[in-house]
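**Q** This is the structure I want to talk about, given as structure tokens.
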Amino acid sequence: MESPSRFKFPVIFIIISLSLGLLSFTLCIASELLRNKKEDLRWNGKNCYLPSSQAFGLGIAALVSFILAQIIGNSILFKNSCSGGKRNAQYKIPVIARLLLLISWLSFGIAVILLITATSMNKRQLYGVGWLNGECYIVKGGTYAGSGILILVTVGSVIGSALSTAKTNQAEQGRKIHAQMG
Numbered sequence: 003m004e005s006p007s008r009f010k011f012p013v014i015f016i017i018i019s020l021s022l023g024l025l026s027f028t029l030c031i032a033s034e035l036l037r038n039k040k041e042d043l044r045w046n047g048k049n050c051y052l053p054s055s056q057a058f059g060l061g062i063a064a065l066v067s068f069i070l071a072q073i074i075g076n077s078i079l080f081k082n083s084c085s086g087g088k089r090n091a092q093y094k095i096p097v098i099a100r101l102l103l104l105i106s107w108l109s110f111g112i113a114v115i116l117l118i119t120a121t122s123m124n125k126r127q128l129y130g131v132g133w134l135n136g137e138c139y140i141v142k143g144g145t146y147a148g149s150g151i152l153i154l155v156t157v158g159s160v161i162g163s164a165l166s167t168a169k170t171n172q173a174e175q176g177r178k179i180h181a182q183m184g
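Residue numbering for the sequence shown follows our numbering, starting at 3 and increasing by one per position.
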């Protein structure tokens, strides 16, 4: 019979990962609302200037919480697939868990690139310096919202992958117990 404390580890970390993912999503939506707009752009005839936006700090916070959610989610997955610190040679990660893991890492990569780029554009862009080659750039509407959706996809798929390995791992342990008794 399984001890209740054995299942507390994944549940606590799933809640933490999910909470960090939701926090990151919320910060992305706030960044979308507070990003620099076209009317914030100042033009002196030759050079442009954009003030720093609150979206810069919120974007960094969203990125940090998102990375932590991904690390914790993957820790759960690898804890479920490796029993007792040593790899079980017979155990294979289920196909659905592999597919969800692939989806989580692809969406993670795209979301991180979007967040880094959008957040760096919300930093102050000085006259003559700009964001790139002396030109000012404004984050296109929906960039942070798109990142937020990708964050939800990433967190959902990594948690789904971790849960599918936990169920498979429990079933394998049940079969071993029945095989030893019978």
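All residues carry an ideal CB built from backbone N, CA and C; glycine is no exception.
Which value, in whole angstroms, describes the spacing of the CA atoms of I161 and N46?
**A** The residue labelled residue 161 in the question sits at position 159 within the sequence shown. The residue labelled residue 46 in the question sits at position 44 within the sequence shown. About 50 Å.
**Q** Would you identify the three-state DSSP class for Y146, choosing helix, strand or coil?
**A** For the purposes of this step, residue 146 is identified with residue 144 of the sequence shown, where counting begins at 1. Helix.
**Q** Along the alpha helix (DSSP H) that carries R100, what are the first and last residues, could you check?
**A** Position 98 of the sequence shown, counting from 1, holds the residue named residue 100. Element bounds for R100: V97 to M123.
**Q** Closer than 8 Å is the cut-off here; do at least three beta carbon pairs connect the stretch 65-79 with the stretch 12-25?
**A** Yes, the stretch 65-79 is in contact with the stretch 12-25.
**Q** Could you check which residue in I78, F80, I105 and T167 has the C-alpha nearest to that of P96?
**A** By one-based count along the sequence shown, residue 96 stands at place 94. The residue with the shortest Cα to Cα distance from P96 is T167.
**Q** For M123, verify whether its CB is less than 7 Å away from any heavy atom of the ligand NAD.
**A** With respect to the ligand NAD, the structure shown offers nothing to examine, as it has no ligands at all.
**Q** Suppose contacts are defined by Cβ-Cβ distances below 8 Å. Is S33 in contact with Y146 by that definition?
**A** For the purposes of this step, residue 33 is taken as the residue at position 31 of the sequence shown. For the purposes of this step, residue 146 is taken as the residue at position 144 of the sequence shown. Yes, these two residues count as a Cβ contact at 8 Å.
**Q** Does the stretch 54-62 come close enough to the stretch 97-108 that 3 or more CB-CB pairs lie under 8 Å?
**A** Short answer: they don't touch.
**Q** Does L65 come out as helix, strand or coil in the three-state DSSP assignment?
**A** Translated into positions along the sequence shown, residue 65 becomes position 63. Of the three classes helix, strand and coil, the one that applies to L65 here is helix, per DSSP.
**Q** Using a Cβ-Cβ cutoff of less than 7 Å, which residues in the same chain neighbour L36 once the five nearest sequence positions on both sides are dropped?
**A** What you label residue 36 is simply residue 34 of the sequence shown in a count that begins at 1. So the list reads S55, Q56, A57 and L60, once near-sequence residues are dropped.
**Q** Smallest Cα separation from K81: which of I153, L154, L152 and P12?
**A** Taking the sequence shown and counting its residues from 1, the one referred to as residue 81 is at position 79. Minimum Cα distance to K81 is reached at P12.
**Q** Rounded to whole angstroms, what is the Cα-Cα separation between G87 and L165?
**A** One-based indexing of the sequence shown puts residue 87 at position 85. One-based indexing of the sequence shown puts residue 165 at position 163. At G87 the pLDDT is 46, less than 50, meaning the model places this residue with poor confidence and gives no usable figure here.
**Q** Mark L104 as exposed unless 16 or more other C-beta atoms lie within 10 angstroms of its C-beta, in which case mark it buried.
**A** Indexing the sequence shown from 1 puts residue 104 at position 102. Burial call: exposed.
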